[in-house]
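*Asks:* Encoded as structure tokens, here's the structure I'll be asking about.
Residue numbers (our numbering): 134 to 341.
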């Protein structure tokens with residue numbers, strides 16, 4: 134896929150609209166893809182707290198600032214992100230994307246699409262054969278088209294290894310499956326990392 138169709142950008146929403154939508158739907162007892170199982174609602178509620186915290190505390194690090202300075206001031210760039218409100222990795226990652234985009238000013242704009250409303254697009258950007266989110270598509274305006282430069286996601290490499298190792302473990306012995314314990318471990322890693330791996334990988338994406 135070389136170019137992103139403009140209709141995807143046209144129907145995308147801002148980060149603040151995404152945050153408002155996620156909270157509004159949660160208050161109504163559902164999520165962005167309509168999943169209203171109690172455990173999913175509990176998880177989504179925790180995601181709201183995670184995003185609120187990251188919105189307040191995240192500072193763009195030096196690597197990301199330097200990467201942003203490498204972007205041409207004569208170009209227009211977009212981060213188009215496929216996500217859903219119930220996704221735990223998205224709660225840890227999308228606020229960081231937003232902070233970096235805010236730091237960029239007019240050069241880089243973050244736009245949000247819901248994964249399950251855009252199956253054709255996410256299927257162009259699978260992770261290990263799955264529709265893992267969040268998935269970021271890095272786009273540049275070029276001759277009135279949206280040139281796809283690169284993509285990233287669904288999580289930093291260290292977190293992805295944790296996921297891969299867990300999946301391999303339960304593949305070898307299904308009785309070892311304990312998603313709640315694994316999720317706590319994964320989010321514990323995010324907390325200890327304090328957004329640094331995410332920021333550094335996004336910085337590398339900008340430079341490449």
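Heads up, the beta-carbon is just placed ideally off N, CA and C, and yes, glycines get one too.
DSSP on residue 246, reduced to helix/strand/coil?
*Replies:* Here residue 246 refers to the residue found at position 113 of the chain shown. Here residue 246 sits in strand by DSSP.
*Asks:* Count the other CB atoms, across all protein chains shown, that sit within 10 Å of the CB of residue 134; report buried if there are 16 or more and exposed otherwise.
*Replies:* Position 1 of the chain shown, counted from the first residue, corresponds to residue 134. Exposed, because fewer than 16 other Cβ atoms sit within 10 Å of the Cβ of residue 134.
*Asks:* Is the beta carbon of residue 332 less than 8 Å from the beta carbon of residue 197?
*Replies:* Taking the first residue of the chain shown as position 1, residue 332 is located at position 199. Taking the first residue of the chain shown as position 1, residue 197 is located at position 64. Yes, the Cβ-Cβ distance between residue 332 and residue 197 is below 8 Å.
*Asks:* Classify residue 210: buried if its beta carbon has 16 or more other beta carbons within 10 angstroms, exposed otherwise.
*Replies:* Position 77 of the chain shown holds residue 210. Counting Cβ neighbours within 10 Å, residue 210 comes out buried, since at least 16 surround it.
*Asks:* Tell me the DSSP secondary structure of residue 152 in three-state form.
*Replies:* Working through the chain shown from its first residue, we reach residue 152 at position 19. Here residue 152 sits in helix by DSSP.
*Asks:* Cβ of residue 289 within 8 Å of Cβ of residue 215?
*Replies:* Translated into the one-based positions of the chain shown, residue 289 becomes position 156. Translated into the one-based positions of the chain shown, residue 215 becomes position 82. For residue 289 and residue 215, no; Cβs fall outside 8 Å.
*Asks:* Straight-line CA distance for residue 203 to residue 334?
*Replies:* The residue labelled residue 203 in the question sits at position 70 within the chain shown. The residue labelled residue 334 in the question sits at position 201 within the chain shown. Roughly 15 Å between the two C-alpha positions.
*Asks:* Within the same chain, show all residues whose beta-carbon is closer than 6 Å to that of residue 323, passing over the 5 residues directly before and after it, in chain order.
*Replies:* What you label residue 323 is simply residue 190 of the chain shown in a count that begins at 1. Closer than 6 Å at Cβ, skipping near neighbours: 225.
*Asks:* Output the boundary residues of the beta strand (DSSP E) element that contains residue 284.
*Replies:* In the chain shown, counting from the first residue as 1, residue 284 sits at position 151. Where residue 284 is concerned, the enclosing beta strand (DSSP E) stretches over 278–286.
*Asks:* Closer than 8 Å by C-beta to residue 199: which residues in its own chain qualify, once you throw out the five before and the five after it? Chain order, please.
*Replies:* As a position in the chain shown, residue 199 is number 66, starting the count at 1. Within the same chain, residue 199 has close Cβ partners 336.
*Asks:* Starting from residue 146, follow the beta strand (DSSP E) in both directions and report where the run begins and ends.
*Replies:* Here residue 146 is taken as the residue at index 13 of the chain shown, counted from 1. It is not in any beta strand (DSSP E) - residue 146 carries neither H nor E in the DSSP assignment.
*Asks:* Straight-line CA distance for residue 311 to residue 160?
*Replies:* Stepping through the chain shown from its first residue, residue 311 is reached at position 178. Stepping through the chain shown from its first residue, residue 160 is reached at position 27. The alpha-carbon atoms of residue 311 and residue 160 are separated by roughly 28 Å.
*Asks:* So residue 216 is in the alpha helix (DSSP H); what residue range does that whole segment cover?
*Replies:* In the chain shown, the residue the question calls residue 216 occupies position 83. It is not in any alpha helix (DSSP H) - residue 216 instead sits in the beta strand (DSSP E) that spans 210–216.
*Asks:* Indicate whether the contact test is met: 3 or more Cβ pairs, each with one atom in the stretch 134–144 and one in the stretch 272–283, closer than 8 Å.
*Replies:* In short, these stretches touch, since the Cβ pair count reaches three.
*Asks:* On the three-state DSSP scale, how would you describe residue 221?
*Replies:* Here residue 221 refers to the residue found at position 88 of the chain shown. If DSSP states are grouped into helix, strand and coil, residue 221 belongs with the helices.
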